[in-house]
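Structure first, then comments.
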Amino acid sequence: MEYNIEKQHEKGKLHAIERINALCDKDSFMEIYSGVRHNCTSFGMDKKEIPYDGVITGFGKINGRKVAVYAQDFTVQGGSLGLMHGEKIAELIDKAIMARCPVIGINDSGGARIQEGVDALCGYGDLFYQNVRASGSVPQISIIAGPCAGGAVYSPGITDFIFAVDKISQLFITGPKVVKSVMFMDISAEDLGGASIHAKKSGVAHFKCDSEKDCYEQVRKLLDYIPHYYGDEIVKAAKFHFDEHKKAKHIAEILPENPRQGYDVREVISSVTDDDSFFETSKEFAINCVTGFAKIEGRSVGIVANNPAGVGGVLDCDASDKIARFVRYCDSFNIPLVTFVDVPGFIPGPQEEQKGIIRHGAKVIYAYSEASVPKITVIIRKAYGGAYIAMCSKHLGADFVYAWPASEIAVMGAEGAIGILYAKELNDPAKAAEVAAKSEEYKKEIMTPKIAAQRGYVSEVIEPTDTRKRIAESLEILLDKKSMDKPLKKHGNIPL
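Residue numbers for the sequence shown follow the numbering used here, so the first one is 1 and each next one is one higher.
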């Protein structure tokens, strides 16, 4: 097969076949349906030869394990999607479900093939349908390696993870020309739907990569953390590294003396997970929380954490979406969840209320409650109000909840509570000493993890240095966890 490779190189991009070869193990790719051709006769299409109908499909191996891969070829009719193009991808996904292996799509297309009219839309519809069929059965990964516009964005939107490449990826419903004609606004493709926009603002892209080479390396790395199909066991690596002495010393010093001061929760995560094993998702989006995969004693886990370094670690609409989506992914493929809690509450104010914080926050509660995988929670510092409940408390089915000795579990902080309980006394200067004493009493008696431990809401109050040991032992205990508490129903109705 001859490929127009130079045409892509002139744009600073790899050709579709080069991308597949960069992604897969050497000489492992086996192409299928290379003989497929379009059947359109309108607008002179009957005279056009479109090799493999503009998309290369087949199976290969990554890290020695099988994967299904497709790559749209922009040098062939702009990589546009027609009926047969869409059917090829849909058929590949269907085969991947049967073969029980991940699907990786490399998107580089001008969109629907206009000459084919409704047939092109049919191609998209069949593709979307197979995306939904595959969801939760096999992992689906989308790489945006060029333009992805109109209906084309919804296939990646359904998949589990989207990789965007800086200065190459473009992802939008309508391009700059349409925006200008309809809204009279001049905007570049990069500012409308570039990698940075979707990594930081929209949250559509889970990973932003510096180059195509970096992207394919990151995809290969991700596949080392996740099961390759529903029911695939998370195998414990024979060897793992963990500098116990160094990390125990570090974790004891992470929390600032001032409880209002922020810190980066990634320091806690790295102190309890295998050395250099944390693989973060959606790093630049909703920085008030952290999600990602890590390994503990060589076994993959999903990590969720509030991050006080970003907006104090509050739960807002974006953080809620990020957490809920990640929790549901982990639950879909039976990846245990470890949650680190330091949350002052759901964010107050009209802006987030009007965006629908009630609806978005409810997603977190729903996702954690629905998840039947092993769920381990560690309360590091603050756990206030509804956010305490939402962040995988025992009340939402956490199997083990551990709390550090200095953690605070309460409806709200002391200042807010005293402001409500002793509102009248606060206005009387003569009662300042009494109010101060009540505030200290609230902190010592109400806000400590002691009450929660007495009620059985906390499994054990532990020292920070014991955190990794507790998590590892808990994971071992829960290895064969089976959830039987399911009322008769088709499925629930998550507050989307």
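C-beta atoms are modelled at their ideal positions from N, C-alpha and C, and glycine is treated no differently.
Fair warning: this is a prediction, and the values are worked out from it, not measured in the lab.
Exposure label - residue i; buried when at least 16 CB within 10 Å
| i | result |
| --- | --- |
| Thr339 | buried |
| Ser169 | buried |
| Gln454 | exposed |
| Lys208 | buried |
| Gln354 | exposed |
| Val219 | buried |
| Asp275 | exposed |
| Thr41 | exposed |
| Val304 | buried |
| Pro350 | exposed |
| Val343 | buried |
| Asp27 | exposed |
| Leu81 | buried |
| Asn427 | exposed |
| Ala205 | buried |
| Ile226 | buried |
| Pro102 | buried |
| Phe184 | exposed |
Residue-level contact to chain C via CB, residue i, 8 angstroms cutoff
| i | result |
| --- | --- |
| Phe293 | Any reference to chain C falls outside this structure, which holds one protein chain only. |
Residue i versus residue j - alpha carbon distance
| i | j | result |
| --- | --- | --- |
| Gly501 | Ile114 | Summary: the structure shown does not reach residue 501, with the chain confined to residues 1 through 496, and so no result is reported for it. |
| Asp264 | Asp466 | 20 angstroms |
| Ala68 | Arg133 | 15 angstroms |
| Lys88 | Ser142 | 16 angstroms |
| Glu257 | Ala406 | 10 angstroms |
| Ser34 | Ala324 | 40 angstroms |
| Leu255 | Glu297 | 25 angstroms |
| Gly123 | Met84 | 7 angstroms |
| Leu121 | Pro464 | 56 angstroms |
| Ile451 | Glu445 | 8 angstroms |
| Ile173 | Gly193 | 9 angstroms |
| Ile389 | Ile365 | 8 angstroms |
| Lys200 | Asp191 | 12 angstroms |
| Phe279 | Ala195 | 19 angstroms |
| Ile334 | Asp480 | Reading the sequence as shown, one finds Asn at residue 334 and not Ile. One C-alpha to the other measures close to 11 angstroms. |
| Leu475 | Val118 | 51 angstroms |
| Lys236 | Lys295 | 9 angstroms |
Same chain only: Cβ atoms within 6 angstroms of residue i, ignoring 5 sequence neighbours per side
| i | result |
| --- | --- |
| Glu212 | Leu14, Val165 |
| Asp331 | Ala371, Val373 |
| Met447 | Glu408, Ala410 |
| Gly345 | Tyr384, Gly385, Ala387 |
| Ile287 | Gly310 |
| Phe326 | Thr291 |
| His250 | Ser271 |
When the options are compared against residue i, the one with the closest alpha-carbon
| i | options | result |
| --- | --- | --- |
| Asn307 | Met183, His241, Lys382 | Lys382 |
| His360 | Lys95, Ser407, Ile494 | Ile494 |
| Val341 | Phe333, Lys201, Leu315 | Leu315 |
| Asp73 | Lys61, Gly44, Ile106 | Ile106 |
| Thr159 | Ala99, Pro176, Ile93, Ala371 | Ile93 |
| Tyr368 | Glu31, Lys7, Gly12, Asp399 | Asp399 |
| Val458 | Ile477, Lys444, Glu408 | Glu408 |
| Leu337 | Lys450, Gly110, Val343, Cys392 | Cys392 |
| Gly110 | Lys95, Pro147, Leu127, Pro102 | Pro147 |
| Ala309 | Pro259, Phe293, Ala403 | Pro259 |
| Glu473 | Val204, Val272, Glu267 | Val272 |
| Lys239 | Asp126, Ile104, Ile462, Arg299 | Arg299 |
| Ala16 | Asp108, Asp46, Lys61 | Asp108 |
Same chain only: Cβ atoms within 7 angstroms of residue i, ignoring 5 sequence neighbours per side
| i | result |
| --- | --- |
| Ile50 | Arg37, His38, Val76, Gln77 |
| Lys363 | Ser320, Asp321, Ala324, Ile494, Pro495 |
| Gly54 | Gln72, Asp73, Val76, Gln77, Gly79, Ser80, His85 |
Beta bridge counterpart(s) of residue i as assigned by DSSP
| i | result |
| --- | --- |
| Ser300 | Lys295 |
| Leu337 | Gly302, Lys375 |
| Ile56 | Ala71 |
| Gln170 | Pro147, Gly194 |
| Gln140 | Val103 |
| Glu280 | Gly292 |
Close Cβ partners of residue i (< 8 angstroms) along its chain, the five nearest in sequence each way excluded
| i | result |
| --- | --- |
| Asp224 | Asn63 |
| Cys289 | Val304, Ala305, Asn306, Asn307, Gly310, Gly313, Leu315, Ala319, Lys322, Ile323 |
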